[in-house]
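> Okay, handing you the structure first.
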Amino acid sequence: GMGGRAGPGRSRAELEVARTIYRAKFGLDLQVDGDEIAYQIGVISRKGAERAIRYAFELARAKGKKRVTSVDKANVLTHAYGLWREIFERVAREYPDIETEYAFVDAITMWFVKNPEWYQVVVTPNMFGDIITDLAAMIQGGLGIAPGGNINPGGISMFEPIHGSAPKYAGKNVANPIATILAGSLMLEILGENVGAEKVEGAVADVLREGKVLPRDLGGSASTSEVGDAIARRVAGAE
Numbered sequence: 648g649m650g651g652r653a654g655p656g657r658s659r660a661e662l663e664v665a666r667t668i669y670r671a672k673f674g675l676d677l678q679v680d681g682d683e684i685a686y687q688i689g690v691i692s693r694k695g696a697e698r699a700i701r702y703a704f705e706l707a708r709a710k711g712k713k714r715v716t717s718v719d720k721a722n723v724l725t726h727a728y729g730l731w732r733e734i735f736e737r738v739a740r741e742y743p744d745i746e747t748e749y750a751f752v753d754a755i756t757m758w759f760v761k762n763p764e765w766y767q768v769v770v771t772p773n774m775f776g777d778i779i780t781d782l783a784a785m786i787q788g789g790l791g792i793a794p795g796g797n798i799n800p801g802g803i804s805m806f807e808p809i810h811g812s813a814p815k816y817a818g819k820n821v822a823n824p825i826a827t828i829l830a831g832s833l834m835l836e837i838l839g840e841n842v843g844a845e846k847v848e849g850a851v852a853d854v855l856r857e858g859k860v861l862p863r864d865l866g867g868s869a870s871t872s873e874v875g876d877a878i879a880r881r882v883a884g885a886e
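Here it is, written out as structure tokens:
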């Protein structure tokens, strides 16, 4: 979001943001009594929100899921997330075969821990998604086995492990490669190569289930290359 800081006294700030789907300018007249303040403006566009929400419903339908959960904080940030809810409700009416529900972001962190199996597809603005995906990753086994994708339905997408880089492990052959491998599987799925995606995902599941070659963060002692080789052998032998 756009923002800045202001010290005591009067000041004026000009804020401008330009995105693919909108351009906005803001002028703020500030009167600060006392300590310095910091401020930031978040923007949700109707077109951007609708695109994300519609993708969630299409994903649910494609995967045979029956429930989409919208996560926001509309009880506090009523304007921004009120718009989000309005758009979610309107798009949801186009998918009568899919159940919908709402959750506030603070509540869903509790429900993810208590009843993670309940959730099928979750759609939320970027900041909340950034927070709850790390929680979801730990619930299902850790960041080392959690892939992610930045999906562009009409163009090029990008895939990566959600854990990011770990420079302190570079060249030591100790990092868990599974999240990266599963990111490749996710890429194949998005490209329509479902057979290949299922082979890779199935190979990972088989290696984990067998439990003989496990990376250190999952209680084993196998190196990066040993885990990768075990999965590759499973893929090569898959029918």
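In my numbering, the protein residues as written are 648 to 886.
We treat Cβ as the ideally placed atom computed from N, Cα and C, and that holds for glycine.
Values in this document were obtained by computation on a predicted structure and should not be read as measured data.
Pro-794 to Tyr-742, Cα distance in whole Å?
Going from the Cα of Pro-794 to the Cα of Tyr-742 covers about 28 Å.
> Can you tell me the Cα-Cα spacing of Gly-776 and Leu-730, whole angstroms?
Taking the straight line joining both Cα atoms gives about 17 Å.
> How big is the Cα-Cα spacing for Gly-843 and Ile-878?
Taking the straight line from one Cα to the other gives about 13 Å.
> How big is the Cα-Cα spacing for Met-805 and Ala-826?
When rounded, the distance between both Cα atoms is 14 Å.
> On the three-state DSSP scale, how would you describe Gly-796?
Gly-796 falls in the strand class under three-state DSSP.
> Spatial neighbours of Ala-822 within its chain, please: C-beta separation below 7 Å, excluding the five flanking residues on both sides.
Only Ala-813, Tyr-816, Thr-871 meet the Cβ criterion.
> Excluding five sequence neighbours on each side, which residues of the same chain lie with their C-beta closer than 7 Å to the C-beta of Pro-763?
Closer than 7 Å at the Cβ level, and outside the excluded window around Pro-763, lie Ile-786.
> Does the Cβ of Val-768 have 16 or more other Cβ atoms within 10 Å, making it buried, or fewer, making it exposed?
Per the 10 Å Cβ criterion, buried.
> Give the DSSP-derived three-state secondary structure of Asp-680 in the structure shown.
Asp-680 falls in the coil class under three-state DSSP.
> What does a CB cutoff of less than 7 Å around Ala-784 pick up in its chain, not counting 5 residues either side in sequence?
If we look at Ala-784 and ignore the five residues flanking it on each side, its Cβ neighbours are Leu-790, Ala-793, Ile-809.
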